[in-house]
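Participant: Using my numbering, read the sequence shown as starting at 71 and increasing by one per residue.
Backbone N, C-alpha and C fix where the C-beta goes; we use that ideal spot for every residue, glycine too.
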Amino acid sequence: GIAAALPVFRKQGFGHFVNTASTAGHKTVPNQSVYSGTKFAVRAISEGLRQEAGDKLRVTIISPGFVRTNFAESVTNPEVKAQLADSRDKFALPPDAIARAIAFAIEQPADVDVNEIIVRPTAQG
């Protein structure tokens, strides 16, 4: 993580952290407050890192909405699990949409820092 990469990035004089948050880190929804809290934390840690790391290091936060993954399978609340699976099946983005957004951020010139990207399906509320 950050503790391992930061000394290397500082020594070489450049680097780019890409941290994954979620749209849940921007808006809390019922039954997902703990998950949302962890994603709010990713955003806070990333912003602190950006401010403290120096002007040669870049930090990007990617906040995906619903993505076609097996994430819902790890949810233990049956009601939430069913809701997530239903939303995924109805309108989730393919994973490569998120990959393209990340590629956009890392392909920028060294003096450009794309700080935050929110990517969600147009049908996601």
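Quick check: what's the CA-CA separation for ARG138 versus GLY124?
Facilitator: Along the sequence shown, one-based indexing puts residue 138 at 68. Along the sequence shown, one-based indexing puts residue 124 at 54. Near 36 Å, if we compare the C-alpha coordinates of GLY124 and ARG138.
Participant: Here's the rule I'm using: 16 or more other beta-carbon atoms within 10 Å means buried, otherwise exposed. How should ASN185 be labelled?
Facilitator: For the purposes of this step, residue 185 is identified with residue 115 of the sequence shown, where counting begins at 1. Classification for ASN185: exposed.
Participant: First and last residue of the beta strand (DSSP E) that includes GLY85?
Facilitator: Working through the sequence shown from its first residue, we reach residue 85 at position 15. Per DSSP, GLY85 belongs to the beta strand (DSSP E) from 85–90.
Participant: On the criterion of 16 or more Cβ atoms from any shown chain inside 10 Å, does PRO134 qualify as buried, or is it exposed?
Facilitator: Locating residue 134 in the sequence shown gives position 64, where the first residue counts as 1. With 16 or more Cβ atoms within 10 Å of its Cβ, PRO134 is classed as buried.
Participant: Let me check one thing: in DSSP terms, what residues is VAL129 bridge-paired to?
Facilitator: For the purposes of this step, residue 129 is identified with residue 59 of the sequence shown, where counting begins at 1. Its beta-bridge partners are PHE87.
Participant: What alpha helix (DSSP H) runs, 4 residues minimum, are completely inside the segment 149–192?
Facilitator: Listed in chain order, the complete alpha helix (DSSP H) runs (minimum 4 residues) inside the segment 149–192 are 165–176.
Participant: Do the segment 150–157 and the segment 125–132 make contact, defined as three or more Cβ pairs closer than 8 Å?
Facilitator: With a cut-off of 8 Å, the segment 125–132 and the segment 150–157 do not count as touching, because too few Cβ pairs lie within range.
Participant: Could you tell me how far apart the beta carbons of PHE79 and GLY85 are, in whole angstroms, since I believe they sit closer than 8 Å?
Facilitator: Within the sequence shown, residue 79 is the residue found at index 9, counting from 1. Within the sequence shown, residue 85 is the residue found at index 15, counting from 1. About 3 Å; that satisfies the 8 Å criterion.
Participant: Please state whether DSSP places VAL145 in a helix, a strand or coil.
Facilitator: Counted from its first residue, the sequence shown places residue 145 at position 75. The answer is coil: DSSP assigns VAL145 none of H, G, I, E or B.
Participant: Our contact map puts THR98 next to SER106 with C-beta atoms below 8 Å; I'd like the distance itself, whole angstroms only.
Facilitator: Numbered from its first residue, the sequence shown carries residue 98 at position 28. Numbered from its first residue, the sequence shown carries residue 106 at position 36. That belief holds up - the Cβ atoms of THR98 and SER106 are roughly 4 Å apart, short of 8 Å.
Participant: Does the Cβ-Cβ distance between ALA167 and VAL189 come in under 8 Å?
Facilitator: Reading the sequence shown from its first residue, position 97 is the one you call residue 167. Reading the sequence shown from its first residue, position 119 is the one you call residue 189. Yes, the pair counts as a contact, with Cβ atoms nearer than the cut-off.
Participant: Expressed to the nearest angstrom, what Euclidean distance is found between the alpha-carbon atoms of ALA94 and SER144?
Facilitator: Locating residue 94 in the sequence shown gives position 24, counting from the first residue. Locating residue 144 in the sequence shown gives position 74, counting from the first residue. If you take the alpha carbons of ALA94 and SER144, they lie about 16 Å apart.
Participant: Under three-state DSSP, which class holds VAL137?
Facilitator: The residue you call residue 137 lines up with position 67 of the sequence shown. It is a strand residue.
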